[in-house]
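Visitor: Residue numbers (numbering that gives the first Met the number 0), protein chains in the order written: chain Z, 0 to 254; chain U, 0 to 254; chain R, 0 to 254; chain A, 0 to 254.
Protein chains: 4
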Amino acid sequence: MTKIQTLVWGEFRHEKKNPKVAALYPDGMHETIANALRADSALSVSTAWLDQPEHGLTTEVLAATDVLIWWGHIAHGEVSDEVVAHVRQRVLEGMGLIVLHSGHYAKIFKALMGTTCSLKWRESTDKERIWNIAPHHPITAGIGEYFEIQAEEMYGEPFGIPTPDELIFISWFTGGEVFRSGATWQRGNGRVFYFRPGHETYPTYHHQQVQRVISNAVHWAKPTVCIPDGCPNWPPLEPLPIDPEAAERPTEGHR
Amino acid sequence: MTKIQTLVWGEFRHEKKNPKVAALYPDGMHETIANALRADSALSVSTAWLDQPEHGLTTEVLAATDVLIWWGHIAHGEVSDEVVAHVRQRVLEGMGLIVLHSGHYAKIFKALMGTTCSLKWRESTDKERIWNIAPHHPITAGIGEYFEIQAEEMYGEPFGIPTPDELIFISWFTGGEVFRSGATWQRGNGRVFYFRPGHETYPTYHHQQVQRVISNAVHWAKPTVCIPDGCPNWPPLEPLPIDPEAAERPTEGHR
Amino acid sequence: MTKIQTLVWGEFRHEKKNPKVAALYPDGMHETIANALRADSALSVSTAWLDQPEHGLTTEVLAATDVLIWWGHIAHGEVSDEVVAHVRQRVLEGMGLIVLHSGHYAKIFKALMGTTCSLKWRESTDKERIWNIAPHHPITAGIGEYFEIQAEEMYGEPFGIPTPDELIFISWFTGGEVFRSGATWQRGNGRVFYFRPGHETYPTYHHQQVQRVISNAVHWAKPTVCIPDGCPNWPPLEPLPIDPEAAERPTEGHR
Amino acid sequence: MTKIQTLVWGEFRHEKKNPKVAALYPDGMHETIANALRADSALSVSTAWLDQPEHGLTTEVLAATDVLIWWGHIAHGEVSDEVVAHVRQRVLEGMGLIVLHSGHYAKIFKALMGTTCSLKWRESTDKERIWNIAPHHPITAGIGEYFEIQAEEMYGEPFGIPTPDELIFISWFTGGEVFRSGATWQRGNGRVFYFRPGHETYPTYHHQQVQRVISNAVHWAKPTVCIPDGCPNWPPLEPLPIDPEAAERPTEGHR
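(1) Can you confirm whether LEU111(R), when its beta carbon is compared against all beta carbons of chain Z, has any partner nearer than 9 Å?
(2) Check PRO235(R) in the structure and name its three-state DSSP category.
(3) So which of ILE97(U), TYR201(U), ILE129(U), VAL90(U) has the shortest CA-CA distance to VAL7(U)?
(4) I'd like to know if GLY181(R) contacts chain U, where contact means its C-beta is closer than 9 Å to some C-beta of that chain.
(5) SER170(Z) bridges to which residues according to DSSP?
(6) Which residue wins for smallest C-alpha separation from THR200(A), given the options LYS16(A), PHE11(A), THR58(A), LEU23(A)?
(7) Between the C-alpha atoms of HIS253(U) and VAL224(A), what's the straight-line distance to the nearest angstrom?
(8) Residue range of the beta strand (DSSP E) that ARG121(A) falls in?
(9) GLY93(R) versus chain U: which residues are under 8 Å apart at the beta carbon?
(10) Around the C-beta of ALA150(U), are 16 or more other C-beta atoms found within 10 angstroms, so that it is buried, or is it exposed?
(11) Output yes or no for whether 9 Å exceeds the beta carbon distance between ILE73(R) and HIS13(R).
(12) Going by DSSP, which residues form a beta bridge with GLY155(R)?
(13) Do you know how far the Cα of THR114(R) is from the Cα of THR124(R)?
(14) Which chain Z residues are close to VAL224(A), counting only those with a beta carbon under 7 Å from its beta carbon?
(15) So is TYR104(U) in contact with chain Z if we call contact Cβ pairs under 9 Å?
(16) Give the residues of chain Z in contact with ARG211(A), contact being defined as C-beta atoms less than 9 Å apart.
(17) Buried or exposed for PRO18(A), going by 16 or more other Cβ atoms inside 10 Å?
(18) Answer yes or no: does any C-beta atom of chain Z fall closer than 9 Å to that of SER123(U)?
(19) Below 8 Å CB to CB, which residues in the same chain sit around THR64(R) once its five sequence neighbours on both sides are set aside?
(20) Closest by CA to THR1(U), which one among PRO163(U), TRP233(U), LEU42(U)?
(21) Mapping the DSSP letters down to three states, classify ALA33(U) as helix, strand or coil.
(22) Quick one: residues in its chain with C-beta nearer than 7 Å to the C-beta of THR203(A), no 5 flanking neighbours on either side, listed in chain order?
(23) Determine the burial state of ALA241(U): buried for a count of at least 16 other Cβ atoms within 10 Å of its Cβ, exposed for fewer.
(24) Can you check which of these residues, SER117(R), SER214(R), ASP164(R), LYS106(R), is closest to ASN188(A) by C-alpha distance?
(25) Closer than 7 Å by beta-carbon distance: list the chain R residues that pair up with VAL177(Z), in chain order.
(26) Could you check where the beta strand (DSSP E) with LEU67(R) kicks off and where it finishes?
(27) Using a Cβ-Cβ cut-off of less than 7 Å, list which residues of the segment 53-87 of chain U approach chain R; keep chain order.
(28) Assuming GLU81(Z) is part of the alpha helix (DSSP H), what are its boundary residues?
(29) Can you grab the Cα-Cα spacing for the pair TRP69(U) / TRP69(R), in whole Å?
(30) Reducing DSSP to helix, strand and coil, say where GLN210(R) ends up.
(31) Specify the secondary structure class of ILE142(A) as computed by DSSP and reduced to three states.
(32) Check the Cβ-Cβ distances between ALA165(U) and every residue of chain A, and say whether any is below 9 Å.
(33) Identify whether VAL277(A) lies in helix, strand or coil by the three-state DSSP scheme.
(34) Tell me whether ASN215(Z) is buried or exposed, calling it buried when 16 or more other Cβ atoms sit within 10 Å of its Cβ.
(35) Count the other CB atoms, across all protein chains shown, that sit within 10 Å of the CB of GLY229(Z); report buried if there are 16 or more and exposed otherwise.
(36) Could you tell me if PRO238(A) is buried or exposed, where buried requires 16 or more neighbouring beta carbons within 10 angstroms of its beta carbon?
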């Protein structure tokens with residue numbers, strides 16, 4: 000069986016500047032995420048990051064990618080508009096996209112949602128309890144009723160997204176807030192999943208259930224088709240009236 | 000009662016170049032649409048067009064607009080990105096937006112949808128029959144089961160849009176095609192309605208039921224709020240654990 | 000302007016058996032809800048309850064009702080199937096329906112949803128914080144970012160409902176759970192709103208913001224049409240091929 | 000790999016009364032549908048019909064069924080309410096359900112939708128062209144842009160269903176109508192697909208693409224879980240305030 004070509008994209012900046020983040024993710028957050036996925040033999044996993052040429056997202060790389068995972072935070076503005084347009088095109092053709100945590104403000108996520116993608120936030124000692132709202136959904140396979148992250152950044156509602164096609168998770172935070180933590184949208188021929196956890200100063204991507212959700216989501220988001228955009232001039236399938244004056248006639252009312 | 004401040008934006012180029020269009024719409028398509036709306040005393044209607052400074056969509060004008068109606072076709076690329084960003088911001092704050100016909104490819108519509116917005120098309124002698132799929136919806140008040148346009152450009156599926164919140168109309172064309180001709184989406188705090196009819200070489204905007212749909216849609220799309228974007232740092236509402244090491248502890252499993 | 004004919008239906012049993020409930024709602028929960036709505040001069044408000052003939056929901060009463068509010072709990076099974084069928088018919092024709100709290104298990108709600116409508120629950124000292132997820136929605140007018148109920152029964156996810164058309168509120172509970180506390184569905188020509196708060200042993204329906212939400216919902220749910228069900232044999236609008244053998248011919252492939 | 004246990008349920012009455020139907024479907028419509036599915040080695044296919052004991056839908060049979068396909072027409076009223084309740088329970092637990100053509104009025108479909116499921120209809124010589132609105136969807140794999148049925152009963156809008164989660168097909172009819180011919184809904188843990196074609200007096204279920212759609216839908220609808228209904232009393236996960244008087248205190252306002 001063909002493996003799912005999975006590409007984990009990381010901003011890879013915090014890890015170089017902040018010793019706390021470097022201690023948690025010595026090879027970068029993207030490598031921790033990728034290593035967890037590599038335990039799944041159905042996936043072929045590689046990584047890319049911001050400071051590579053074309054951010055590691057060349058035409059060849061994107062053409063060969065089935066599912067792209069995106070983590071970014073402090074350098075959204077450094078991602079080139081051309082690369083964003085190219086990623087967007089690939090999603091609309093059929094590529095899957097998984098956007099993590101602070102990627103809610105990534106150019107690519109905002110471009111696909113069309114909305115602000117804003118939210119409330121707090122970096123503190125909140126516990127996050129993530130409730131499984133969709134126990135039938137492939138993304139929640141093996142997750143159970145809920146799972147907990149001992150400390151995470153809080154994200155709170157209202158979250159500036161379009162109504163999700165499917166709401167998968169809702170988070171409870173110690174400090175009193177709630178958040179739509181997992182949600183899906185079809186965009187063109189591609190599937191998009193947003194998953195909330197993963198602030199860089201917490202060990203979230205070492206969490207087994209966080210890893211499980213991401214792995215499930217890769218399987219769920221794998222492409223079924225690749226359909227390039229087109230807006231064709233289309234000949235009629237049935238005979239048309241030969242009536243050059245039709246447009247001049249007054250229009251009829253309804254029944 | 001305060002009137003709904005309604006602004007009809009037209010590209011206003013075909014009318015100056017194509018005598019057939021000029022004959023149908025001597026003052027521009029936007030003026031025909033606006034004049035029909037002026038029959039409704041609950042609306043205060045003005046117009047703007049591409050070749051005005053800032054396309055007639057200055058900060059002051061947009062701030063005073065409740066519902067914006069958009070018709071564009073051959074000059075989408077000439078609409079400045081700054082103006083598009085400003086219109087998008089106003090929609091997300093709460094302004095209503097009605098996009099007509101070839102506006103499916105307008106920058107503002109694509110920016111709010113996040114998708115290709117592509118379709119099939121044919122300029123010919125098709126009759127269009129527009130079926131009312133949502134007889135309960137305010138946009139279809141007074142429209143009946145269906146209405147007909149004696150000749151129109153054909154638009155065919157698949158239409159590259161996100162699943163609409165509400166599907167209002169489906170069109171039947173003589174040549175054998177179908178199209179989702181009326182659809183709504185909530186985007187942020189604003190309501191968006193796409194309405195298919197209105198190719199420039201047909202007298203469509205003189206059609207009473209087309210006018211009725213647009214008028215209904217203005218009422219439906221009027222703002223309920225105006226909420227500027229924000230992404231606040233938010234203090235807790237409940238006491239947090241005083242536990243600086245929480246993030247270091249292994250995470251718990253689920254029940 | 001015609002007033003919105005609003006009918007508050009209460010089970011009215013707990014109030015007669017449980018002194019704690021009687022102390023909170025001396026005239027019945029339905030009367031407390033109705034009295035709050037009577038402050039709104041746009042509404043004409045009456046009440047009905049289970050132990051009336053036909054549960055107070057005769058053909059004449061239902062025909063004259065614009066919006067029905069439903070609270071039931073221990074006696075769902077005593078509501079006659081005929082009355083449920085009649086209420087369902089009226090909703091599908093266009094009547095609005097607001098289902099409160101334990102009404103999640105009312106026959107009428109389950110009949111309109113098609114699902115289990117099950118949930119987790121706990122009667123204890125939880126505080127409920129109800130977050131406004133849809134600040135643009137008419138149902139949340141004047142509600143602000145959130146509001147709190149000092150003690151309420153907990154309801155937890157997963158809630159066995161179809162994906163709502165619009166998710167309005169999400170609740171946070173002290174004990175660690177979340178719940179989709181306000182949600183809307185279009186059912187036929189009628190609008191349905193489910194609103195979580197209101198266990199009989201708490202003074203919830205004296206809470207100003209709870210009252211405000213219900214009042215907003217009545218305005219939102221008022222009918223736009225009344226369309227009786229029908230499944231008509233429909234003559235063609237276009238000429239059909241005169242070809243009695245068409246069904247015998249092999250079918251064509253696609254392009 | 001475990002095969003998908005697929006059960007094709009037919010009313011099997013027209014075939015015994017109407018020679019035209021018997022000529023088209025000598026062993027019954029359900030056998031024609033089942034035989035087409037038997038070409039797919041991933042499926043294990045059996046059949047059941049109305050006049051069997053418990054309509055062939057015993058507890059054992061339903062417990063062993065992954066996906067149920069339903070065709071009924073003139074005898075919806077003879078299907079026992081107990082069996083309908085049992086099928087509904089199995090769908091909500093996770094079983095897939097595919098409802099064909101006149102099954103729009105089957106008790107089980109109406110019970111899961113909550114609406115009238117009414118439509119317009121005409122038995123005549125209409126050609127039906129079924130447009131693929133969702134080329135990315137597994138149900139449309141191999142179907143192309145559209146396919147045609149040379150003669151079929153017409154079904155027209157408005158179709159009295161809740162907004163589908165996914166709209167898959169829209170039909171064009173010669174006589175001038177349109178119809179949402181393929182649509183999906185999640186109901187509890189089960190997936191539901193409605194597919195329009197298949198009036199008994201036409202050879203529709205011998206049509207290769209109709210067969211392909213049904214086969215695709217079986218794969219799509221196969222269960223991911225089986226979760227029995229429950230409404231548990233749930234203990235808190237976090238400490239609650241020890242405050243028996245909380246419910247007596249006045250409620251706080253919002254920020």
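Don't be surprised by glycine CBs; every beta carbon is placed ideally from N, CA and C.
Guide: So, from the data block:
(1) For LEU111(R), the closest Cβ of chain Z is not nearer than 9 Å.
(2) Residue state, collapsed to three classes: coil.
(3) Proximity to VAL7(U) across ILE97(U), TYR201(U), ILE129(U), VAL90(U) peaks at ILE97(U), based on C-alpha coordinates.
(4) False, the Cβ-Cβ gap to chain U never drops below 9 Å.
(5) Per DSSP, the beta bridge partners of SER170(Z) are ILE129(Z), PHE178(Z).
(6) THR200(A) has its Cα closest to that of LEU23(A), out of LYS16(A), PHE11(A), THR58(A), LEU23(A).
(7) At HIS253(U), the pLDDT of 38 sits below 50, so the modelled position is not reliable and the matter cannot be decided from this model.
(8) Per DSSP, ARG121(A) belongs to the beta strand (DSSP E) from 119-121.
(9) At a C-beta separation below 8 Å, GLY93(R) has these neighbours in chain U: HIS135.
(10) Counting the other CB atoms within 10 Å of its CB gives ALA150(U) a total of 16 or more, which places it among the buried residues.
(11) Yes, the pair counts as a contact, with Cβ atoms nearer than the cut-off.
(12) Note: GLY155(R) sits in a beta bridge opposite LYS119(R).
(13) Looking at the two C-alpha atoms, the distance is approximately 29 Å.
(14) Chain Z residues near VAL224(A): PRO134, HIS135.
(15) The beta-carbon of TYR104(U) is placed less than 9 Å from the nearest beta-carbon of chain Z.
(16) Under the 9 Å cutoff, chain Z gives no residues; its nearest Cβ is about 15 Å from ARG211(A).
(17) By the neighbour-count rule (16 or more Cβ atoms within 10 Å), PRO18(A) is not buried but exposed.
(18) Closer than 9 Å to some Cβ of chain Z, the Cβ of SER123(U) qualifies, so yes.
(19) GLN4, THR5, LEU6, ARG89, MET94, listed in sequence order.
(20) Closest option to THR1(U), judged by alpha-carbon separation, among PRO163(U), TRP233(U), LEU42(U): LEU42(U).
(21) Judged by DSSP in its simplified three-state form, ALA33(U) adopts helix.
(22) Cβ neighbours of THR203(A) beyond the five flanking positions: ILE148, GLU151, PRO196, GLY197, VAL209.
(23) As written in the sequence, residue 241(U) is Ile, which differs from the Ala given in the question. By the 10 Å Cβ count, ILE241(U) comes out exposed.
(24) Per the C-alpha coordinates, the member of SER117(R), SER214(R), ASP164(R), LYS106(R) positioned closest to ASN188(A) is SER117(R).
(25) Within chain R, the residues near VAL177(Z) are TRP130, ILE169, TRP171, VAL177.
(26) Boundaries of the beta strand (DSSP E) around LEU67(R): 66-70.
(27) Correct list: empty, as no residue qualifies.
(28) It spans 80-92 - the alpha helix (DSSP H) in which GLU81(Z) sits, taken as one unbroken run.
(29) Each residue's Cα considered, the two are about 43 Å apart.
(30) In the structure shown, GLN210(R) adopts helical secondary structure according to DSSP, grouped into three states.
(31) Reduced to three states, the DSSP call for ILE142(A) is coil.
(32) The residue asked about is misnamed: residue 165(U) is Glu in this sequence, not Ala. So yes, GLU165(U) belongs to the interface.
(33) Only positions 0 to 254 of chain A appear in the structure, and residue 277(A) is not among them; the question remains open.
(34) It is buried - the Cβ of ASN215(Z) has at least 16 other Cβ atoms within 10 Å.
(35) Flag for GLY229(Z) reads exposed.
(36) Flag for PRO238(A) reads exposed.
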